[in-house]
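Protein chains in written order, with this note's numbering: chain Z, 3 to 421; chain W, 3 to 399.
Worksheet: the structure to be examined is printed underneath.
Right under this line is the structure:
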């Protein structure tokens with residue numbers, strides 16, 4: 003009896019899960035695996051369009067003879083690179099029409115014109131002409147003939163489904179001189195973006211955790227940058243930072259803090275003189291990181307605030323009795339309490355910043371030294387149009403991601419053990 | 003009383019006052035008023051003098067009289083060193099200094115001789131300063147977005163620092179950019195598309211996720227543990243590694259430039275987090291309720307609809323709001339999949355405005371307000387649900 007129930011339970015469970023599993027498999031897992039397939043292929047954006055046989059139908063009346071009509075089909079292969087084999091053609095005609103000169107590839111049977119047009123090489127073009135005669139000698143309605151559209155079908159080789167593989171994409175990715183630069187930019191961006199977001203998250207959480215007027219309002223305001231759409235925010239920042247008509251530059255010039263405008267998003271390096279040493283700061287990258295921190299510190303704030311509110315008040319009271327000062331209280335009570343949250347947060351944010359695409363794309367488009375791996379996927383795949391290369395870069399990202407995930411789940415497991 | 007404490011007290015208080023004044027001055031500059039100097043030396047020194055006076059008076063007088071007098075003194079001083087400024091500027095200075103002296107009114111010699119008083123003081127001021135600065139830095143871009151949409155191209159180029167809104171010009175003139183954005187740039191249509199896509203994603207995701215989450219939370223089956231860990235792993239895979247294969251597949255299937263294609267992708271990408279959030283909540287519902295349902299002769303469907311769903315409405319609404327937010331804000335897939343204007347979502351349309359011909363910035367900002375405002379209103383109104391959704395689902399972002 004119980005085994006029967008268990009069986010029913012199992013069957014219901016699979017039934018309930020199956021739709022989700024199927025959807026996630028086909029839209030997330032399958033693409034990840036097909037990335038591997040594509041990355042070993044020499045595919046370009048223009049190869050993606052499946053070659054199609056096309057026909058344009060022209061209807062022309064013949065002079066002095068309203069009972070006859072001439073049809074011209076302008077046939078062509080839409081692809082400039084591939085052949086279409088076994089092209090078939092089908093078109094419908096109104097009643098009482100008979101062809102007078104039928105091409106030997108075609109047949110006319112019960113109002114249907116059917117042709118087997120064979121193989122079309124690339125860039126193929128042909129005009130197929132047929133004259134029709136009305137059997138009951140009435141005038142032919144052009145409109146009715148035009149209302150039918152010819153249907154064509156043919157087979158072509160799909161470049162994605164062939165078994166030709168190449169290692170060239172990966173060779174190009176790794177041998178590229180800019181690859182090291184790409185990696186270092188990505189890590190620089192990811193690391194400082196993550197650290198910055200967490201530091202500001204701690205500061206904000208520490209602030210909001212105290213009692214003051216308008217605290218709940220403050221909490222909502224702090225989350226605004228995270229909730230609002232990235233497109234709107236990125237373009238607002240772009241206007242704000244614009245060198246000629248941007249608010250920030252004009253404000254700084256107005257108060258005589260800087261002499262001339264600085265192109266914060268378009269200048270790759272800026273030389274800073276600190277204590278007599280010249281530092282080369284990556285300006286555009288730093289600006290993008292600041293935007294990143296501005297947008298994502300709310301998340302760290304939310305996590306840390308939740309943890310801070312769970313810290314027992316007695317700990318602080320005991321510390322007051324012991325005569326601890328605020329810094330000691332923060333270092334010895336608050337920090338150890340939130341350390342676990344911070345480590346988890348760091349890993350999650352690290353993984354997500356590593357894959358961040360929209361923010362950089364919208365602010366700089368990857369120019370002036372802000373090209374990271376995700377931006378490179380887009381540029382290779384869609385700006386240059388080399389889908390295979392784009393996939394190869396994606397594979398590099400997935401490889402790094404797997405390493406980070408391994409560390410992350412180790413960390414999660416360790417934390418679960420501690421609790 | 004330690005000399006060090008007095009020193010830190012004066013320095014930090016005066017610095018705090020000065021930074022508040024700076025923020026006020028920046029705001030005033032942005033109203034188009036000419037102001038080119040912070041007057042650091044004079045204001046800072048005078049601030050220190052007033053702080054010392056405040057300390058010396060201590061609690062000898064009525065505190066309210068004390069702070070009002072000090073604030074008045076400070077604003078009169080500021081009025082004399084800055085020239086030709088409107089009266090509301092000085093009034094602002096008066097209010098700020100009133101707020102400041104109200105904060106330091108309780109400090110006297112006794113307080114400063116206590117342990118750690120200088121550190122406590124610094125922490126207090128840091129908190130206050132932090133709150134002001136954080137609100138300023140966060141709200142300023144939003145403020146700029148809104149005000150820019152109310153201005154005209156000529157005014158914007160004439161004085162990029164003038165962010166005053168001229169209400170005298172009448173409402174039609176004020177909202178001109180919005181009329182143009184909706185009429186000439188077709189934003190009504192994009193807004194409809196965005197709404198359909200976001201609501202559609204929410205509904206389909208819930209239809210898929212609720213049964214699956216219930217199964218993961220309650221039923222025993224082979225591969226359950228594997229499934230629940232893989233949900234999290236799948237969730238961590240970013241859109242950028244899916245984009246090329248999906249693009250190739252969707253172009254060959256003819257699913258690009260269609261709302262259906264977008265709906266499929268959005269649903270699939272939000273599904274893992276929805277299942278993850280819901281199953282956590284379902285586990286917290288007492289099992290006895292379901293057992294009672296089984297005794298009453300309910301089948302699994304009945305249990306889900308009559309017991310689980312009504313009990314977990316808060317969790318479902320927070321999942322729904324979170325998914326709505328993700329779908330509304332999504333950019334990468336809409337950039338990849340949509341290139342015909344008749345299928346654009348709002349985000350894609352704004353990007354198209356920016357990349358295309360020289361679009362005047364007030365239209366761009368009006369478009370940005372149109373896409374930002376609904377989500378902010380939803381956020382403020384349903385904050386409780388959305389915050390719990392964000393916390394649970396915030397592994398992604």
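All residues carry an ideal CB built from backbone N, CA and C; glycine is no exception.
Since the model is a prediction, treat every value here as computed from it, not as a measurement.
Look at residue 361 (chain W): its C-beta is not under 8 Å from any C-beta on chain Z. Across the set W:375, W:365 and W:269, the C-alpha of W:269 shows the shortest separation from the C-alpha of residue 24 (chain Z). Residue 254 (chain Z) and residue 24 (chain W) have their alpha carbons spaced roughly 13 Å apart. For the stretch 70 to 84 of chain W, the set of positions with a beta-carbon nearer than 9 Å to some beta-carbon of chain Z is empty. Secondary structure note for residue 140 (chain Z): it is in no beta strand (DSSP E), with a DSSP letter that is neither H nor E. Counting only the Cα atoms, residue 342 (chain Z) lies some 19 Å from residue 318 (chain Z).
Contact annotation: in the stretch 129 to 141 of chain W, residues whose CB is within less than 9 Å of a CB in chain Z are 129, 130, 132, 133, 136, 137, 139, 140 and 141. Chain Z has no Cβ within less than 8 Å of the Cβ of residue 11 (chain W). Taking all protein chains in view, the Cβ of residue 294 (chain Z) is crowded by 16 or more other Cβ atoms within 10 Å, so the residue is classified as buried.
Excluding five sequence positions before and after residue 378 (chain Z), the CB atoms of its chain that fall closer than 7 Å to its own CB belong to 184 and 395, given in chain order. The Cβ of residue 279 (chain W) sits no closer than 8 Å to any Cβ of chain Z. Residues 263 of the same chain have their beta carbon placed closer than 7 Å to that of residue 257 (chain W), with the five preceding and five following residues left out of the count. Along the length of the stretch 272 to 339 of chain Z, whole beta strand (DSSP E) runs at least 3 residues long occupy 279 to 284, reported in chain order. Looking at Z:365, Z:220, Z:19 and Z:117, the one whose alpha-carbon comes closest to that of residue 129 (chain W) is Z:220. Of all C-beta pairs linking the stretch 89 to 99 of chain Z to the stretch 168 to 181 of chain Z, fewer than three are shorter than 8 Å, placing the two stretches out of contact. Taking a C-beta distance under 8 Å as the contact criterion, residue 311 (chain Z) and residue 211 (chain Z) qualify as a contact pair. Excluding five sequence positions before and after residue 363 (chain W), the CB atoms of its chain that fall closer than 7 Å to its own CB belong to 150 and 158, given in chain order. Contact annotation, residue 38 (chain Z) with residue 160 (chain Z): C-beta distance approximately 18 Å; criterion of less than 8 Å not satisfied. By the criterion of a C-beta distance shorter than 7 Å, residue 236 (chain W) is surrounded in its chain by 274, once the five residues flanking it on both sides are discounted.
Residue burial annotation: residue 314 (chain Z) is exposed, with fewer than 16 other C-beta atoms found within 10 angstroms of its C-beta. Fewer than three Cβ pairs drawn from the stretch 296 to 308 of chain W and the stretch 370 to 386 of chain W lie within less than 8 Å of each other, which leaves the two stretches out of contact. With a cutoff of 8 Å on beta-carbon distance, residue 276 (chain W) and residue 368 (chain W) are scored as not near each other. In this structure residue 140 (chain Z) is exposed. Its beta-carbon is surrounded by fewer than 16 other beta-carbon atoms within 10 angstroms.
Taking the C-beta atoms as reference points, residue 189 (chain W) is found no nearer than 8 Å to residue 328 (chain Z). Boundaries of the alpha helix (DSSP H) harbouring residue 254 (chain W): 245 to 255, taken from the DSSP string. Counting C-beta atoms within 10 angstroms of its own C-beta, residue 116 (chain W) has fewer than 16 neighbours from the protein chains shown and is therefore classed as exposed. If you draw a 10 Å sphere on the C-beta of residue 284 (chain Z), you find 16 or more other C-beta atoms in it, and that means buried. A straight-line Cα-Cα distance of about 20 Å links residue 95 (chain W) and residue 13 (chain W).
If you check each beta-carbon in the stretch 376 to 393 of chain W against every beta-carbon of chain Z, the ones closer than 8 Å belong to 377, 378, 381, 382, 385, 388, 389, 392 and 393.
Comparing C-alpha distances from residue 58 (chain Z) to each of Z:224, Z:151 and Z:19 shows the shortest one belongs to Z:151. Using a Cβ distance threshold of 8 Å, residue 46 (chain Z) and residue 388 (chain Z) count as a contacting pair. Put simply, the stretch 13 to 29 of chain Z touches the stretch 196 to 213 of chain W. At least three CB pairs are less than 8 Å apart. Cβ neighbours of residue 387 (chain W) within its own chain (closer than 8 Å, five residues either side excluded): 316, 319, 320 and 323.
By DSSP's assignment, residue 66 (chain Z) forms no beta bridge with any residue.
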